[in-house]
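K.L.:
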Amino acid sequence: MSHLALLNISVFSNFVAFLLITFFLKKKEQRFLAAKVAITLSGLGALVSCVLLFQRFHLDIALTASVTWLKWNTGELLIGYYLDKVSLMMLTTVCVISFMVQMYSFWYMKDDAGIRRYYGTITFFSWAMIFFVVSIDLFGSYIFWELLGLASYLLIGFWHEKPEPRRAAIKAFIMTRFGDLGLLAAVILLLVKLKTVAIPVLITAAGTLLSPQEVFWIVVLLFLGVMGKSAQFPLHSWLPDAMEGPTPVSALIHSATMVAAGVYLLVRLFPLIAFSESAMTYILCIGALTSLIAAVMALTEKDMKRILAYSTVSQLGFMVMAIGAGAWQGGFFHLLTHAFFKSMLFLLAGYFIHMAHHSNDIFSMAKVSYGTKSKLMVALLWVGSLALCGLFPLSGFLSKETIFGSLMEGHHYGVYGVALLISFLTAYYTTRMAFIVSRNGEVVDAQENSLPLYMKISVSFLGLMTLIGFWIFLPALTEFFHLHSEWHAEQWVNFFITTIGVVLAIGVSYFYFGRKQATSEKGWVSFIPGLSGLIENKFFVDHFWKWVVDKGVYRFSRMSFWTDVHIINVIVDQVGLTAIRCGKKAAALQMGQVQQYIITAVVVSLFVVIYLIFGK
Amino acid sequence: MNLPILSIILLAPLLAMALILFVKEENSRLIKSIALIGSGISFLGSIYLVLAYDYHSAEFRWVEQWFEVPGWGIQFILGVDGLSIPLVLLTSIIIFSGVLVSQNLKFRVKEFFALLLLLVAGAYGVLLVLDLFFFFLFYELAVIPMFLLVNIWGTGNKTYAANKLTLYLLAGSGLVLFGFFILYFVSGLNTFNLKDMLELASFSPGMQKGLFILFLIGFGTLSATWPFHTWSPDGYASAPTAASMLHAAVLKTLGAYGILRVAVALFPEGAHYWQWLMLSFGVINILYAALCVIVQKDLKYIVGYSCVSHMGIVMLGIGTLTQAGLNGAMFQMFSHGIMTALLFASVGYIYEAKKTRNLDDLKGLFKEMPKASTFFILAGLTCLGLPGLSGFVAEFLVIYATFSVSYVFGSLALLGLVLSAIYILRILKSSFWGVPSDKSTAPVGVDHNWKTALPQYILFSFLLLLGICPMILIQFISQTSIVLLRGY
Chain C
1 MSHLALLNIS VFSNFVAFLL ITFFLKKKEQ RFLAAKVAIT LSGLGALVSC
51 VLLFQRFHLD IALTASVTWL KWNTGELLIG YYLDKVSLMM LTTVCVISFM
101 VQMYSFWYMK DDAGIRRYYG TITFFSWAMI FFVVSIDLFG SYIFWELLGL
151 ASYLLIGFWH EKPEPRRAAI KAFIMTRFGD LGLLAAVILL LVKLKTVAIP
201 VLITAAGTLL SPQEVFWIVV LLFLGVMGKS AQFPLHSWLP DAMEGPTPVS
251 ALIHSATMVA AGVYLLVRLF PLIAFSESAM TYILCIGALT SLIAAVMALT
301 EKDMKRILAY STVSQLGFMV MAIGAGAWQG GFFHLLTHAF FKSMLFLLAG
351 YFIHMAHHSN DIFSMAKVSY GTKSKLMVAL LWVGSLALCG LFPLSGFLSK
401 ETIFGSLMEG HHYGVYGVAL LISFLTAYYT TRMAFIVSRN GEVVDAQENS
451 LPLYMKISVS FLGLMTLIGF WIFLPALTEF FHLHSEWHAE QWVNFFITTI
501 GVVLAIGVSY FYFGRKQATS EKGWVSFIPG LSGLIENKFF VDHFWKWVVD
551 KGVYRFSRMS FWTDVHIINV IVDQVGLTAI RCGKKAAALQ MGQVQQYIIT
601 AVVVSLFVVI YLIFGK
Chain R
1 MNLPILSIIL LAPLLAMALI LFVKEENSRL IKSIALIGSG ISFLGSIYLV
51 LAYDYHSAEF RWVEQWFEVP GWGIQFILGV DGLSIPLVLL TSIIIFSGVL
101 VSQNLKFRVK EFFALLLLLV AGAYGVLLVL DLFFFFLFYE LAVIPMFLLV
151 NIWGTGNKTY AANKLTLYLL AGSGLVLFGF FILYFVSGLN TFNLKDMLEL
201 ASFSPGMQKG LFILFLIGFG TLSATWPFHT WSPDGYASAP TAASMLHAAV
251 LKTLGAYGIL RVAVALFPEG AHYWQWLMLS FGVINILYAA LCVIVQKDLK
301 YIVGYSCVSH MGIVMLGIGT LTQAGLNGAM FQMFSHGIMT ALLFASVGYI
351 YEAKKTRNLD DLKGLFKEMP KASTFFILAG LTCLGLPGLS GFVAEFLVIY
401 ATFSVSYVFG SLALLGLVLS AIYILRILKS SFWGVPSDKS TAPVGVDHNW
451 KTALPQYILF SFLLLLGICP MILIQFISQT SIVLLRGY
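Read top to bottom, the protein sequences are chains C and R.
Using this note's numbering, the first residue of the first sequence is number 1, and each one after it goes up by one.
Using this note's numbering, the first residue of the second sequence is number 1, and each one after it goes up by one.
(1) Using only the alpha-carbon positions, how far apart do Gly73 of chain R and Leu299 of chain R sit?
(2) In chain C, which residues lie less than 9 Å from Ala224 of chain R when you measure between Cβ atoms?
(3) What does Trp433 of chain R touch in chain C if you count any residue whose Cβ is under 7 Å from its own?
(4) Using Cβ-Cβ distances below 9 Å, what residues of the region 367-392 of chain R are close to chain C?
(5) Taking just the CA atoms, how far does Met311 of chain R sit from Glu140 of chain R?
(6) Is DSSP giving Ala683 of chain C helix, strand or coil here?
(7) Could you give the residue range of the alpha helix (DSSP H) that holds Trp153 of chain R?
(8) Can you have a look at Glu457 of chain C and say buried or exposed, based on whether 16 or more other CB atoms are within 10 angstroms of its CB?
(9) With a threshold of 6 Å on Cβ separation, who are the neighbours of Phe216 of chain C within its own chain once the five nearest residues in sequence on each side are excluded?
(10) Note down, in chain order, every chain R residue with its Cβ under 8 Å from the Cβ of Phe173 of chain C.
(11) Might you give, ordered along the chain, the residues of its own chain that have their beta carbon closer than 8 Å to the beta carbon of Trp274 of chain R, omitting 5 neighbours on each side?
(12) Mark His412 of chain C as exposed unless 16 or more other C-beta atoms lie within 10 angstroms of its C-beta, in which case mark it buried.
(13) Counting along the chain, where does the alpha helix (DSSP H) carrying Tyr82 of chain C start and finish?
(14) Mind pulling the alpha helix (DSSP H) runs of 4 or more residues that sit fully within the region 313-369 of chain C?
(15) Indicate whether at least one CB of chain R lies closer than 9 Å to the CB of Phe424 of chain C.
(16) Report the residue ranges of all alpha helix (DSSP H) runs contained in full by the region 518-593 of chain C; include only those spanning at least 4 residues, in chain order.
(17) At a Cβ cut of 7 Å, what residues of the region 258-291 of chain R count as close to chain C, listed as they run along the chain?
(18) Once DSSP output is grouped into helix, strand and coil, what is the label at Val435 of chain R?
(19) Who pairs with Ile74 of chain R in a beta bridge, going by DSSP?
(20) Report yes or no: is there a C-beta of chain C within less than 9 Å of the C-beta of Tyr400 of chain R?
(21) Is it a yes or a no for the region 30-42 of chain C touching the region 5-17 of chain C, going by three-plus beta-carbon pairs under 8 Å?
(22) Exposed or buried, which one is Asp550 of chain C when buried takes at least 16 other CB atoms within 10 Å?
(23) Can you give me, in chain order, the residues of the region 67-87 of chain C that have a beta carbon less than 8 Å from any beta carbon in chain R?
(24) Scan the region 461-500 of chain C and note each continuous beta strand (DSSP E) run of 3 residues or more that stays entirely inside, going in chain order.
(25) Relative to chain C, which residues along the region 468-479 of chain R have a C-beta separation below 7 Å, given in chain order?
(26) Quick one: grab the DSSP three-state call for Thr93 of chain C.
(27) So, with DSSP's three-state summary, where would you put Ala65 of chain C?
(28) Between Glu619 of chain C and chain R, is any beta-carbon pair separated by less than 9 Å?
(29) What's the call for Glu301 of chain C, buried or exposed, on a 16-neighbour Cβ count within 10 Å?
(30) Bridge partners for Glu244 of chain C per DSSP, in chain order?
(31) For chain R, find out if any of its Cβ atoms is closer than 9 Å to the Cβ of Ile130 of chain C; answer yes or no.
(32) Three or more C-beta pairs under 8 Å: does that hold for the region 52-61 of chain R against the region 78-90 of chain R?
(33) I'd like to know whether the C-beta of Trp153 of chain R is nearer than 9 Å to at least one C-beta of chain C.
(34) Using only alpha-carbon positions, find the residue among C:Met243, C:Leu272, C:His236 and C:Met175 that is nearest to Ala205 of chain C.
(35) Cα separation between Leu321 of chain R and Ile286 of chain R?
(36) What is the residue span of the alpha helix (DSSP H) that Thr253 of chain R lies within?
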């Protein structure tokens with residue numbers, strides 16, 4: 001089969017599942033069939049994407065195919081594929097993780113009455129995400145970007161009977177929409193300037209056709225979209241709240257794929273972005289700030305999913321920071337490794353929440369006694385956590401090391417320091433979570449029954465990718481990511497510095513939470529005056545947005561409506577009343593019946609017409 | 001084949017109306033069938049137009065001349081081009097689904113359908129005639145039935161709403177009539193024939209400026225341009241479902257149609273002179289009305305104001321005076337029509353089932369009436385500009401065109417996208433998601449069966465089709481916008 005056909009299959013397999021579920025598998029008793037159809041088809045998509053990866057990765061020529069979607073005298077928009085190495089790797093990652101999560105979801109959602117709706121939405125999401133990844137036109141990217149937003153909204157608010165998911169869903173949509181305005185403006189400005197927004201053109205020629213000033217503004221606007229989708233400060237606060245959705249949704253959308261879309265877009269358009277030095281600095285600063293703040297927020301959090309959410313925000317900021325410093329390969333590599341271990345961590349969180357009687361609190365999980373059947377899960381929790389810390393030899397280490405290496409080579413020593421601090425905090429809060437969750441408490445849990453094989457496979461596969469997956473592909477990746485095949489003094493120094501930082505952090509974490517007699521909840525954070533309060537108030541970001549909505553939008557709304565009722569309407573009514581008063585003066589003609597007016601009007605106009613036709 | 005296709009489209013509803021007048025009131029099924037057949041014939045006719053139209057030329061096609069008034073320059077002449085064909089199709093879709101929506105009507109069925117058909121005949125007339133005298137006459141023909149429809153079958157403060165709506169529209173059309181007379185005399189052609197006027201007339205710059213603003217305000221009132229918009233939410237809130245569908249979708253669009261057909265086509269210099277005003281009107285409509293929606297509690301008012309907000313996009317698109325902008329404006333006229341009709345149809349259905357339109361009294365509608373809610377949600381998603389549905393295409397084109405003219409107006413128009421997201425999601429949150437409250441006094445709603453859902457399916461399929469393949473519609477209007485912008 002041609003590569004285009006294979007690509008079609010991997011893009012549309014999820015969409016076919018979505019159509020089947022929406023239009024054919026509508027009955028209640030078909031809900032499990034719907035789920036199985038979704039899993040099978042997304043499995044097919046994942047398989048085909050792997051075949052594509054192996055067949056195409058050594059090729060340097062991108063696969064392109066497109067049709068004109070809209071055309072006018074000064075512009076043209078395309079819909080189609082652009083499959084180069086970057087999109088190929090991302091495609092495979094998304095397809096595979098989507099398949100794993102859908103497989104896992106069958107275990108997680110099987111008792112939920114809405115399982116059909118769940119699979120319908122998640123397959124729709126996967127299709128939009130996959131198409132986003134391979135889209136040839138920035139406009140096409142925008143289309144799927146928005147559809148991702150819709151799917152995310154529907155899935156966060158999946159349990160819409162409860163008020164919190166409803167609130168979280170609307171918050172997520174509006175905040176990302178606000179960012180999307182920037183992206184749309186950037187797309188439009190590019191269109192106005194270049195008459196096309198095809199990605200191959202943008203990454204080869206755009207920089208030379210635009211002035212640095214123009215590139216700066218376009219990138220800043222574009223980055224606004226990235227800030228919304230990839231949860232960068234100060235548009236990050238929707239992501240922790242989005243944890244109200246089902247846990248597999250968090251694993252797929254709010255850690256591995258959709259929130260990575262923003263970072264992916266930066267990677268995709270890096271040649272364009274790199275034309276503006278000042279825009280890069282801006283991106284670097286926002287990324288570093290986000291990463292640091294989110295890491296601090298995670299320090300004292302008790303909700304396991306929120307810890308992971310903050311760590312996602314922090315890691316996304318880390319990637320953005322790397323890209324801002326010019327290390328786009330490192331940022332992208334980290335995006336890929338992070339997608340696997342973070343989605344695994346979320347899936348595991350789903351398991352531990354299940355064990356703790358649907359409580360997200362890590363201290364309730366600590367009370368559960370984990371027996372032999374949970375051994376695999378606890379082990380994988382540690383694998384994922386240590387990968388997040390970036391400890392050798394897990395996949396997180398590889399990508400993190402690449403970023404640190406690039407920062408050092410680029411002589412970004414300030415950023416290097418910040419990254420080191422973030423890495424320290426990350427290692428601390430991640431192992432804090434892992435230590436507490438894996439404590440063996442007294443409550444022997446009846447829920448610990450044997451897990452179905454497919455669920456174990458999905459989690460273990462992600463675990464394997466974290467453990468050895470990227471080492472297997474390392475020879476192929478070395479060239480692409482500019483990894484060092486041989487280590488010299490610089491790399492060893494780098495290795496020791498980062499590893500010592502991580503080990504130190506794990507040590508501190510062990511001191512507070514790992515020991516048998518540990519009782520601390522907040523660790524060392526309570527010793528720093530003011531920090532606890534700042535974290536509790538979430539750095540006042542939510543306060544700020546609430547203020548914007550209440551004092552900005554709602555106040556203006558009330559003002560507009562007040563004007564409508566009390567000014568414009570009053571004037572109108574007065575004019576009307578004056579007319580009626582005048583009319584009353586001529587009351588002799590008034591009979592008070594509208595029908596008679598109409599008859600008169602019709603008769604008169606008939607006479608006029610007849611006169612006009614025959615009168616002359 | 002020389003079938004007088006335009007006459008058929010125009011006369012079918014009139015004939016159906018005449019037939020209905022001879023049927024006894026009790027025989028309501030027959031009345032409804034006649035109405036359905038009458039509007040169905042027009043529907044088929046307009047589908048034929050769409051399929052047979054050659055969109056490479058921008059000439060008037062299927063021109064029919066019935067009679068003329070010698071010496072007065074009045075001709076009854078019909079013809080269509082790429083600007084009017086989509087709107088004829090729009091009118092047909094709306095009246096057909098409007099008749100379908102009204103199948104459950106019990107009160108004074110005969111008059112209702114007769115008036116509805118009269119209204120739509122007026123709308124067809126405006127779109128089909130190429131003579132300004134009859135253009136005006138048909139417009140008036142459409143306004144009067146609306147007054148009765150609101151007054152007799154309406155709800156709430158209906159007398160006030162009906163008076164307000166009618167007076168506004170008459171005032172607007174009064175300005176237009178005044179303008180037509182000036183045109184008649186000033187052009188020096190002594191004709192109301194629009195075709196001749198487009199080919200032959202030329203106006204001095206001063207005259208262009210004066211006439212353009214006259215038509216802009218006159219037609220603008222008909223399409224609910226701020227600050228002449230307040231008839232619209234009040235009127236639609238009181239009107240019966242089919243009437244508000246038809247009025248919001250078609251008659252409002254006629255205002256914009258008039259601006260394009262008469263003002264933009266005849267007065268290029270006037271248009272350039274008043275460009276800033278059109279852009280401002282457009283942006284104010286979008287933002288102001290969207291802000292007004294956010295604090296509304298009544299579903300029909302919400303739709304009414306959002307409709308005003310969306311007409312701003314049309315005005316903004318026209319104001320850019322570029323091909324992309326006009327394409328977007330015309331696309332929006334069509335898409336907005338279908339979307340608003342779908343919104344009104346869904347709200348009408350929900351109101352009939354729940355006897356309330358207040359957001360606070362409705363809760364958990366999605367659980368109670370999944371199908372009816374889905375239609376509202378889908379129309380709402382069109383409203384907030386979701387890609388894949390038709391509203392997005394229009395908004396994108398218009399905002400793009402605005403950016404190419406002015407960054408300030410473009411950025412302001414963008415804000416409308418967030419506001420529409422806020423108001424739509426707010427409605428979904430308070431009324432559609434969640435569980436039905438136990439304390440609610442509203443009756444339990446009965447969901448759609450296939451019969452009641454049919455009009456909604458028809459409307460939605462167009463939203464989806466145009467959202468996915470916008471070129472279908474763009475190819476009709478693109479040539480026309482080039483012709484319209486000939487003098488620029």
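All C-beta atoms, glycine included, are put in the ideal place defined by N, C-alpha and C.
P.N.:
According to the data block:
(1) Those two C-alpha atoms are separated by around 47 Å.
(2) Chain C residues near Ala224 of chain R: none, gap ~12 Å exceeds 9 Å.
(3) One finds Gly157, His160 and Arg166 in chain C with Cβ atoms closer than 7 Å to the Cβ of Trp433 of chain R, taken in chain order.
(4) Cβ proximity to chain C below 9 Å picks out Lys367, Leu381, Leu384, Gly385, Leu386, Pro387, Gly388 and Phe392 from the region 367-392 of chain R.
(5) Taking the straight line from one Cα to the other gives about 21 Å.
(6) With chain C covering 1 to 616 only, the question about residue 683 of chain C has no answer from this structure.
(7) First-last of the alpha helix (DSSP H) with Trp153 of chain R: Leu132 to Trp153.
(8) It should be pointed out that residue 457 of chain C corresponds to Ile in this sequence rather than to Glu. Ile457 of chain C should be labelled exposed.
(9) Answer for Phe216 of chain C: Ser276, Ser278 and Ala279, listed in chain order.
(10) Ordered by position in chain R, the residues that pass the 8 Å Cβ test against Phe173 of chain C are Ala421 and Leu425.
(11) The beta carbon of Trp274 of chain R sits closer than 8 Å to the beta carbons of Lys209, Phe212, Ile213 and Leu216 from its chain, once the five residues preceding and following it are set aside; these are given in chain order.
(12) His412 of chain C should be labelled buried.
(13) First-last for Tyr82 of chain C: Gly75 to Leu83, but that is the beta strand (DSSP E), not the alpha helix (DSSP H).
(14) DSSP assignment within the region 313-369 of chain C yields the following whole alpha helix (DSSP H) runs of 4 residues or more, N-terminal first: 328-355 and 362-367.
(15) Output row for Phe424 of chain C: interface = no.
(16) For the region 518-593 of chain C, whole alpha helix (DSSP H) runs of length 4 or above, ordered along the chain, are 531-536, 541-547, 555-563 and 569-585.
(17) Within the region 258-291 of chain R, the qualifying residues are Tyr288 and Leu291.
(18) DSSP places Val435 of chain R in the coil class of the three-state scheme, outside both helix and strand.
(19) According to DSSP, which records beta bridges pairwise, Ile74 of chain R is partnered with R:Val69.
(20) Closer than 9 Å to some Cβ of chain C, the Cβ of Tyr400 of chain R qualifies, so yes.
(21) The region 30-42 of chain C, when compared against the region 5-17 of chain C, does touch it at the 8 Å Cβ threshold.
(22) Exposure of Asp550 of chain C is indicated by the presence of fewer than 16 other C-beta atoms within 10 angstroms of its C-beta.
(23) Listed by position along the chain: Thr68, Trp69, Leu70, Lys71, Trp72, Asn73, Thr74 and Gly75.
(24) You should have found no qualifying run.
(25) Shown in chain order are the members of the region 468-479 of chain R whose Cβ falls below 7 Å from a Cβ of chain C: Pro470, Met471, Ile474 and Ser478.
(26) DSSP places Thr93 of chain C in helix when its eight states are reduced to three.
(27) Assignment of Ala65 of chain C by DSSP, reduced to helix, strand and coil, places it in the strand class.
(28) Outside the shown range of chain C (1 to 616) lies residue 619 of chain C, about which nothing can therefore be said.
(29) Counting Cβ neighbours within 10 Å, Glu301 of chain C comes out buried, since at least 16 surround it.
(30) Answer is none; Glu244 of chain C lacks a bridge partner.
(31) It does not; no Cβ of chain R falls within 9 Å.
(32) Contact between the region 52-61 of chain R and the region 78-90 of chain R is present, with at least three C-beta pairs closer than 8 Å.
(33) Chain C, which has no Cβ nearer than 9 Å to the Cβ of Trp153 of chain R, makes this no.
(34) It is C:Leu272.
(35) Between Leu321 of chain R and Ile286 of chain R, the alpha-carbon positions lie close to 18 Å from each other.
(36) Thr253 of chain R -> alpha helix (DSSP H) spans Lys252 to Gly258.
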